[in-house]
Amino acid sequence: MPPSYIVIAVALVFVGVISAEPAAQPTTVRANGAVQKVGEAPWFCHGLDCPQYTVEDTEFEKEDEIELRAYEAGVWMSTNVSDVKYEEATGVGFMRLFRYISGANADKAKIAMTAPVRTLLIPGDGPFCESHFKISFYVPPSAAPPPAATDPLVFVDESPPQRFYVASYSGWSAEKSVLDHAFATIGRLEAAGLAFDASVFYAAGYDSPFRLLNRHNEVWIPAAAAPETDAKAAVVDVAIESMAGP
Numbered sequence: 034m035p036p037s038y039i040v041i042a043v044a045l046v047f048v049g050v051i052s053a054e055p056a057a058q059p060t061t062v063r064a065n066g067a068v069q070k071v072g073e074a075p076w077f078c079h080g081l082d083c084p085q086y087t088v089e090d091t092e093f094e095k096e097d098e099i100e101l102r103a104y105e106a107g108v109w110m111s112t113n114v115s116d117v118k119y120e121e122a123t124g125v126g127f128m129r130l131f132r133y134i135s136g137a138n139a140d141k142a143k144i145a146m147t148a149p150v151r152t153l154l155i156p157g158d159g160p161f162c163e164s165h166f167k168i169s170f171y172v173p174p175s176a177a178p179p180p181a182a183t184d185p186l187v188f189v190d191e192s193p194p195q196r197f198y199v200a201s202y203s204g205w206s207a208e209k210s211v212l213d214h215a216f217a218t219i220g221r222l223e224a225a226g227l228a229f230d231a232s233v234f235y236a237a238g239y240d241s242p243f244r245l246l247n248r249h250n251e252v253w254i255p256a257a258a259a260p261e262t263d264a265k266a267a268v269v270d271v272a273i274e275s276m277a278g279p
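Take the sequence shown: its letters are residues 34 to 279, numbered as in this note's numbering.
This is the structure we're talking about:
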């Protein structure tokens with residue numbers, strides 16, 4: 034178990050999210066074969082609230098573990114971190130958000146854990162340059178609008194409807210596995226002649242650090258080059274600059 038996961042595990046046990054009750058929210062509608070019925074959550078959400086999406090038809094076979102998802106507009110609580118190392122950045126971001134759901138918010142409310150923990154990665158300019166990471170917890174419609182955070186580095190983050198090529202993989206996820214699967218997915222998309230935007234991508238993790246088997250991780254590649262991508266990156270950069278301070 035990576036060291037940063039130990040801290041996260043202790044935090045999750047403290048709020049009891051590992052034994053959370055199943056969520057009632059419908060999560061996934063399969064558009065190409067009724068793999069899941071309306072109202073059924075994907076198995077990898079493990080009873081937690083997850084963002085809603087539809088799986089669209091693609092030329093990939095099921096065993097490729099790549100699917101095209103159309104996500105609905107949604108709300109996330111997010112924080113920006115700049116670092117050279119993925120594990121360190123996500124650990125810092127997770128703990129900021131964990132403190133938020135533990136009561137560091139305007140309502141002093143305890144907020145249920147959701148899935149996935151999503152990380153936007155904007156690569157740095159060179160091998161020893163800082164990359165920019167935006168770590169996010171999903172806010173289900175039943176909990177919106179979320180209370181404001183007491184930490185100025187945690188903010189409400191509204192996400193528009195988006196389409197992603199999503200590759201799934203099992204096991205423990207770390208920087209190397211995220212990058213390996215992202216590059217492999219991009220290679221498959223290039224070979225298939227599909228339009229995508231690799232200037233940014235996401236990593237998504239669904240499991241408690243104590244889950245030893247049937248772990249589920251994902252990388253999300255935007256399905257097409259969107260004109261607003263550079264603007265979104267600029268917004269993230271501005272938010273990161275606002276983090277300067279003690």
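We put the beta carbon where it would ideally sit given N, CA and C, even for glycine.
Quantities reported herein were computed from a predicted structural model and do not represent experimental measurements.
### Message
In the DSSP assignment, the beta strand (DSSP E) including His-165 goes from what residue to what residue?
### Response
164 to 172
### Query
Under three-state DSSP, which class holds Trp-76?
helix
### Message
I'd like to know if the region 184 to 192 and the region 101 to 108 are in contact, where contact means that at least 3 CB-CB pairs between them fall below 8 angstroms.
### Response
yes
#### Entry: DSSP beta-bridge partners of Phe-197
According to DSSP, Phe-197 bridges with Arg-102 and Pro-255.
### Query
On the three-state DSSP scale, how would you describe Thr-152?
strand
### Task
Could you tell me which residues DSSP puts in a beta bridge with Asp-190?
In DSSP, Asp-190 forms a bridge with Trp-109.
### Task
Would you identify the three-state DSSP class for Ala-215, choosing helix, strand or coil?
helix
### Task
Might you give, ordered along the chain, the residues of its own chain that have their beta carbon closer than 7 angstroms to the beta carbon of Tyr-133, omitting 5 neighbours on each side?
Met-110, Ala-182, Asp-184 and Val-187, listed in sequence order.
### Task
State yes or no: is the C-beta of Ala-103 within less than 8 angstroms of the C-beta of Tyr-86?
yes
### Task
Name the one or two DSSP bridge partners that Asn-250 has.
Tyr-202 and Gly-238
### Query
For Leu-130, which residues from the same chain have a beta carbon less than 7 angstroms from its beta carbon, with the 5 sequence-adjacent residues on both sides left out?
Met-110, Thr-112, Ile-168, Phe-170 and Val-187
### Query
In this structure, does DSSP put Ala-177 in helix, strand or coil?
coil
### Task
Going by CA-CA distance only, name the one from Tyr-198, Ile-144 and Ser-164 that's closest to Thr-218.
Tyr-198
### Query
When the Cα of Gly-126 is compared with those of Lys-141, His-165 and Ile-144, which residue comes out closest?
The alpha carbon of Gly-126 has as its nearest neighbour, out of Lys-141, His-165 and Ile-144, the alpha carbon of His-165.
### Task
Per DSSP, which residues does Asp-116 bridge with? Please list them.
Answer is Ser-164, bridged to Asp-116.
#### Entry: CA nearest to the CA of Gly-124, picked from Ile-144, Val-150, Gly-136 and Asn-138
Val-150
### Task
Check the DSSP bridge columns for Ala-224 and list the partner residues they point to.
Beta-bridge pairing links Ala-224 to no other residue.
### Task
Mark Ser-175 as exposed unless 16 or more other C-beta atoms lie within 10 angstroms of its C-beta, in which case mark it buried.
Counting Cβ neighbours within 10 Å, Ser-175 comes out exposed, since fewer than 16 surround it.
### Query
If you count every other CB in all the chains shown that lies within 10 Å of the CB of Trp-253, and 16 or more means buried, which is it?
buried
### Rounded C-alpha distance that separates Ala-139 from Ala-224
Taken atom to atom, the span from the alpha-carbon of Ala-139 to that of Ala-224 is near 49 angstroms.
### Message
Which same chain residues end up closer than 6 angstroms to Ala-237 when comparing Cβ atoms and leaving out the 5 residues on each side of it in sequence?
### Response
Pro-149, Arg-151 and Glu-251
### Task
Identify, in the order they occur along the chain, each residue of the same chain with its Cβ nearer than 6 angstroms to the Cβ of Ala-177, setting aside the five sequence neighbours on each side.
Cβ contact annotation for Ala-177 (same chain, cutoff 6 angstroms, sequence separation greater than five): Val-108, in chain order.
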